Amino acid sequence: MSELQEKAKGRLTTRTVAMPGDTNPSGDIFGGWVVSQMDIAAGICAGQRAQSRVVTVALDGMSFIRPVKVGDILGVYTTVESVGRTSMNILVEAWVRRGRIGHREKVTEGMFKFVAIDETGKSTPIPKEEDLPDYVNQGFDD
C-alpha cells in the first residue's frame, strides 16, 4: 500500500497543533512531546475501556518514522489491541497534517500497556466488552 493510500488504524482520540515552544535544537518537534501526546490519547482509550483509572506501565516498539514540524496538526489514533484481566495493550499511531493544510502522513507508532487500578491504586479487573457503555465501542460522537 502506498503512503498516500495508507490509513490510520483506530479511532481519532486527540488532535493538537505542534507549537514553536515544543522544538528540539534542530527545530523539529521534540520526540518527548510526541510521546506525551500519544500517552494522553492512549490513556483516554484505556480509561474508557477499563471504565476506571489506568496507569501506563510500558511502552513497546516505539517507532519515530518522520519528524513533526512546527505548525503540523498532530492527530493521535488509538486501538485496543488486547485485554487481559487487569491490563491492556493500546496501539497508538500519530499522524500529521503538514502545515495545518498539507498532506497527511504517519510520523510515530507504538504499543502502550496500561493497568486498570482502583481508588487505592491496586489493580482491578477490566470489565467484559459486553458490559461496556455503547460509546466505548461506537465512537466519540455518541
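In this note's numbering, the protein residues as written are 23 to 164. Glycine included, C-beta positions come from ideal geometry on N, C-alpha and C. Predicted model, so just to flag it, every value in this text is computed and none were measured.
Output needed for residue i: all residues of its chain with C-beta closer than 6 angstroms, excluding positions within five of it in sequence on either side, in chain order.
i	result
P89	D50
M84	G132
D82	M133
V79	K135, V137
Once the 5 residues before and after residue i are set aside, which same chain residues still bring their CB inside 7 angstroms of it?
i	result
F52	D44, T45, N46
T146	S74, T108, A138, I139, D140
W55	D44
Does residue i come out as helix, strand or coil in the three-state DSSP assignment?
i	result
F162	Unreliable positioning characterises F162 in this predicted model, as indicated by a pLDDT of 47, which lies under 50. The coordinate reading is nonetheless provided below. F162: coil per DSSP, three-state reduction.
R122	helix
E28	coil
State the start and end residues of the unbroken alpha helix (DSSP H) segment that holds residue i.
i	result
S58	53-72
Along the beta strand (DSSP E) that carries residue i, what are the first and last residues, could you check?
i	result
G132	126-139
L34	33-39
Answer yes or no: do residue i and residue j have a C-beta to C-beta separation smaller than 8 angstroms?
i	j	result
C170	I139	The shown model of the chain, from 23 to 164, leaves out residue 170, and the question about it has no answer.
V98	M60	yes
V129	W117	yes
I'd like the list of long-range same chain contacts for residue i, defined as Cβ closer than 8 angstroms, with 5 residues on each side in sequence excluded.
i	result
R122	V39, G93, D94, I95
R10	As displayed, the chain neither begins before 23 nor continues past 164, which places residue 10 out of reach and without an answer.
Run through the region 81-110 for me and flag every whole beta strand (DSSP E) of 3 or more residues, listed as ranges in chain order.
-> Annotation note: the region 81-110 contains the following uninterrupted beta strand (DSSP E) runs of length 3 or greater, listed N- to C-terminal: 95-105.
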